[in-house]
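Inspection log for the structure reproduced underneath, given as structure tokens.
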Amino acid sequence: MLAASLMLMLASACARQTGWHNTVVTGLPTLAFDMTRANDGKPVTAADYRGKVTLLYFGYASCPDICPMTLANVGQVLRRIGGDASAVRVLFATVDPDRDTLPVLRQYVAAFGPQVDGLRGDPDALAALARRYRVAYSVRPGPDYEVTHSSGIYVFDRGGAARLLVSSLSTQDADVKGAAADLRRLVESNG
């Protein structure tokens, strides 16, 4: 009985070591979108990011807490993986295109590092992208309107296949180490 318990504990530990730290979402569609990149104003599609591990995050530049915290933690993840960060792109898709003009978005994402690209689309393109990955967001009309949105980050491999959902980077006690381990694993897999 003791031997069986030890074997079970060892097998469980090994499974954790080879498993992912974040949620596997391999059943979701491949990365696909048509939007405008804020840093140069050019139209881009998912094909422009093939060959890179790509993180997709929905947010907005005037977000008071969740977005800056999440992007700051993404920056920590990228620093933690060192040179492998050159194989990663972070896409920040605004859910507030009325306020997030290209100049506003460009300035906002620049604060979080060179791997972060701000994306802006028309309402239909944004809605299609959000639906594709089951992302919830809403904009309440009014003079000082409020925006709400999901805070997960979708991670796609170099071929654009959905691999992970990182839901742990929006707080101060974020699992930066686990997210970095997963990201490094994807970068090194060349998948």
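With positions in the sequence shown counted from 1, the corresponding number in the numbering used here is that position plus 8. Cβ coordinates follow ideal geometry from the N, Cα and C atoms, glycine included.
- A Cβ-Cβ separation of about 17 Å leaves F66 out of contact with T53 under the 8 Å criterion.
- For the pair S94 and P151, the Cα-to-Cα distance works out to about 41 Å.
- Setting aside the 5 residues that flank it on each side, N81 is surrounded in the same chain by L177, A182 and V184, each with a C-beta closer than 7 Å to its C-beta; the list follows chain order.
- In this structure, A188 is the residue among V195, S197, A188 and E196 with its C-alpha nearest to the C-alpha of N30.
- Judged by DSSP secondary structure, P51 falls outside any alpha helix (DSSP H) and instead within the beta strand (DSSP E) spanning P51 to T53.
- The straight-line gap separating the alpha-carbon atoms of R88 and F100 is approximately 20 Å.
- Rounded to the nearest angstrom, the Cβ distance from Y141 to L36 is 6 Å, consistent with a contact under 8 Å.
- Three or more Cβ pairs drawn from the stretch 58-72 and the stretch 155-171 lie within less than 8 Å of each other, which places the two stretches in contact.
- Note: A101 is bridge-paired with F66 and L127 in the DSSP secondary-structure output.
- When secondary structure is reduced to three states using DSSP, S146 falls in the strand class.
- Residue pairing by DSSP places E154 opposite R148 in a beta bridge.
- If you compare the alpha carbons of C71, V147, L63 and P72 with that of G83, the shortest gap goes to L63.
- Closest option to G160, judged by alpha-carbon separation, among G121, G168, L172 and R97: L172.
- DSSP places Y162 within a strand segment (E or B) once states are collapsed to three.
- With a cutoff of 9 Å on beta-carbon distance, R97 and Y57 are scored as near each other.
- Contact between G59 and R166 is confirmed by a C-beta separation of about 5 Å, below the 8 Å threshold.
- Rounded to whole angstroms, the gap between the alpha carbons of R193 and V85 is 13 Å.
- Going by C-alpha positions, R45 is about 10 Å away from V124.
- With respect to the C-alpha of A133, the residue from M43, P122, F120 and T38 having the closest C-alpha is M43.
- Sequence-distant Cβ neighbours of W28 in its own chain, meaning closer than 7 Å and more than five residues away, are L172 and D190.
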